Amino acid sequence: CVPAACLKIVTATLSPDKNAALDTIRQFRDQVLMKSQQGRTYIKSFYTHALAVTVLLAQHRELRGEFALLAGELAPRLRNITEGKSIVINHVMKERMENLLKTMEQKGIGNHALVQMLRGLRQDLNNRALLLQFGIAIR
Numbered sequence: 376c377v378p379a380a381c382l383k384i385v386t387a388t389l390s391p392d393k394n395a396a397l398d399t400i401r402q403f404r405d406q407v408l409m410k411s412q413q414g415r416t417y418i419k420s421f422y423t424h425a426l427a428v429t430v431l432l433a434q435h436r437e438l439r440g441e442f443a444l445l446a447g448e449l450a451p452r453l454r455n456i457t458e459g460k461s462i463v464i465n466h467v468m469k470e471r472m473e474n475l476l477k478t479m480e481q482k483g484i485g486n487h488a489l490v491q492m493l494r495g496l497r498q499d500l501n502n503r504a505l506l507l508q509f510g511i512a513i514r
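Pasting the structure below:
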């Protein structure tokens, strides 16, 4: 599974409107993440770990379900960011994201690099200044 194919596999299982979701993700990557060093690091990390994350989601229905719910809730917000608007993520959603990442860490325990990446993402969810750089506020 090459990264682009992994993204399509994951998106195909998550979104009723697959093309729109893929377009939103690509726009967020190109218009927001590419503008900063940290964003480019996230992109590199995605492509490095795409296969491992895809396999993890394929193997664990509960992860796939929560991932699908969060992705569905986040997609319109990512679109807002690409349109130059800031978004707010409430503490409940942030906690759900942290719990998903933590569970993925536990399930991916044999892959040290993946676990480290997921742990880093969880830490970044608590870095308000970093999130604000991407137009995301936690309240």
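Sequential numbering from 376 applies to the sequence shown in my numbering.
Ideal Cβ placement from N, Cα and C applies to all residues, glycine included.
Being a predicted model, the structure only gives us computed values, none of them experimental.
- Around the beta carbon of A512, fewer than 16 other beta carbons lie within 10 angstroms, which makes this residue exposed.
- Of the residues K410, T429, N501, L505, the one whose Cα lies closest to the Cα of M468 is N501.
- Per DSSP, reduced to three states, the secondary structure at I462 is strand.
- Here V428 is not near L475, since their CB atoms are 9 Å or more apart.
- Among the bridge pairs identified by DSSP, A512 is matched with V463.
- With respect to the 9 Å criterion, T478 and L438 are classified as neighbours on the basis of their beta carbons.
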